[in-house]
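Numbering (full-length UniProt numbering), first residue to last: 1 to 304.
Backbone N, C-alpha and C define an ideal beta-carbon position, used for all residues, glycine too.
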Amino acid sequence: MRRTRQCCIFRSRKAIKEYSGNRSGISLRHMRPWLFLAPSLGGTAIFVLIPFVNVVVRSFFQAVGGQFVGMENFIQVFHSQAFRLAVKNTLHFVLVCIPALMAFSLWTAILVTGAADSRSLYKTTIMLPMAIPVASVVLLWKLLLYPQGLLDQLAVWAGGRGQDWLNQESAFYILVLTYIWKNTGYDMMLWLAGLDGIPKELFEAAKVDGAGSWQSFFYVALPGLGSTAFLVLVLSVINSFKVFREAYLISGDYPHESIYMLQHLFNHWFVSLDIQKMSAASVMVETSILIPALLWSRKRKKRW
1 MRRTRQCCIF RSRKAIKEYS GNRSGISLRH MRPWLFLAPS LGGTAIFVLI
51 PFVNVVVRSF FQAVGGQFVG MENFIQVFHS QAFRLAVKNT LHFVLVCIPA
101 LMAFSLWTAI LVTGAADSRS LYKTTIMLPM AIPVASVVLL WKLLLYPQGL
151 LDQLAVWAGG RGQDWLNQES AFYILVLTYI WKNTGYDMML WLAGLDGIPK
201 ELFEAAKVDG AGSWQSFFYV ALPGLGSTAF LVLVLSVINS FKVFREAYLI
251 SGDYPHESIY MLQHLFNHWF VSLDIQKMSA ASVMVETSIL IPALLWSRKR
301 KKRW
């Protein structure tokens with residue numbers, strides 16, 4: 001009897017030890033992904049989330065004295081003519097540039113996909129502008145388009161008259177061309193990833209059914225690129241708000257009004273220490289981008 005009791009106690013202890021070991025193994029296995037994500041999550045919190053919360057808080061207070069003013073900063077920003085001009089030009093740039101960039105980069109991705117023998121060469125050539133510093137790109141445009149530049153000399157040689165291309169309405173389209181030329185390679189790589197994710201059997205089945213190249217593109221490729229198109233659109237819109245470098249290098253702090261962007265305005269407010277206006281404008285711009293993106297993402301999830 002005593003020996004049986006000792007055996008039961010031994011088995012109970014062994015079972016408890018095995019259970020505890022399994023629990024610790026499970027918890028460690030569950031914690032391992034979070035340990036790998038910890039540096040990225042910590043960096044995002046420190047450099048993105050906390051500063052954004054700080055900006056939101058500052059938008060409701062005066063920069064000097066810290067007095068709570070409610071929506072007054074937002075009202076001042078909304079009535080600012082410079083802010084409205086910058087918003088109009090930035091939206092104009094986004095509406096013109098993003099569709100052109102997405103269409104052109106998709107076209108280049110299709111061409112690269114079809115060129116199996118020279119795919120690496122084409123990819124390298126189209127990606128090359130991304131490796132060129134923005135300052136070098138703008139310097140090239142200045143050599144071409146400045147008064148007495150190469151384009152003006154060609155115009156005079158042909159019997160025409162030189163133009164100040166960078167200080168008139170043409171500056172906007174020069175900025176658009178510069179942005180598209182520089183960023184086509186980035187969007188092309190995203191499209192290529194989406195095209196590679198579409199099963200080849202679908203294209204082969206469409207070809208067997210008598211579908212041509214355009215029919216295969218519209219009825220096979222495009223439906224399979226929905227998620228990629230959404231990603232390209234969001235990233236392109238975000239990147240288009242960073243076009244300040246090109247506009248600044250082309251025309252400086254005070255460019256032609258057609259390329260006076262939000263970044264110019266934020267830079268002026270930063271120099272003059274209008275922190276409350278800059279914070280309020282940042283919240284307004286971020287909200288105007290975030291809400292449509294979330295609504296569209298939610299709509300796409302419901303559809304799928």
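Looking at the unbroken alpha helix (DSSP H) that takes in residue i, where does it start and where does it end?
i: residue 174; result: 170 to 196
i: residue 226; result: 226 to 240
i: residue 203; result: 200 to 208
i: residue 119; result: 119 to 131
i: residue 141; result: 134 to 145
i: residue 163; result: Neither: residue 163 is in no alpha helix (DSSP H) and is coded neither H nor E.
For a test of the three-state rule: what should DSSP assign to residue i, helix, strand or coil?
i: residue 284; result: helix
i: residue 244; result: helix
i: residue 60; result: coil
i: residue 219; result: helix
i: residue 152; result: helix
i: residue 272; result: coil
i: residue 261; result: coil
i: residue 256; result: coil
i: residue 30; result: helix
i: residue 2; result: Because residue 2 sits at a pLDDT of 48, beneath the cut-off of 50, its placement in the model cannot be relied upon, and the point is left open.
What residues match up with residue i in a beta bridge as DSSP calls it?
i: residue 315; result: This structure cannot speak to residue 315, because the chain is shown only from 1 to 304.
i: residue 68; result: 61
Within 8 Å, do at least three Cβ pairs link the region 183 to 203 to the region 223 to 240? yes
I'd like to know if the region 93 to 111 and the region 234 to 253 are in contact, where contact means that at least 3 CB-CB pairs between them fall below 8 Å. yes
Touching by the beta-carbon criterion (3+ pairs, under 8 Å), the region 252 to 264 and the region 165 to 176: yes
Given 8 Å as the limit, is there contact between the region 173 to 184 and the region 99 to 114, that is, 3 or more CB pairs closer than that? yes
Count Cβ pairs between the region 213 to 226 and the region 194 to 203 that sit closer than 8 Å; are there 3 or more? yes
So does the region 60 to 68 actually touch the region 269 to 281, counting three or more Cβ pairs closer than 8 Å? yes
Counting beta carbon pairs with one atom in the region 119 to 137 and one in the region 199 to 218, are three or more of them shorter than 8 Å? no
Pairs of beta-carbons, one from the region 244 to 252 and one from the region 127 to 138, closer than 8 Å: are there three or more? yes
Kindly confirm or deny that the region 279 to 292 and the region 66 to 76 touch, where touching means at least three C-beta pairs closer than 8 Å. yes
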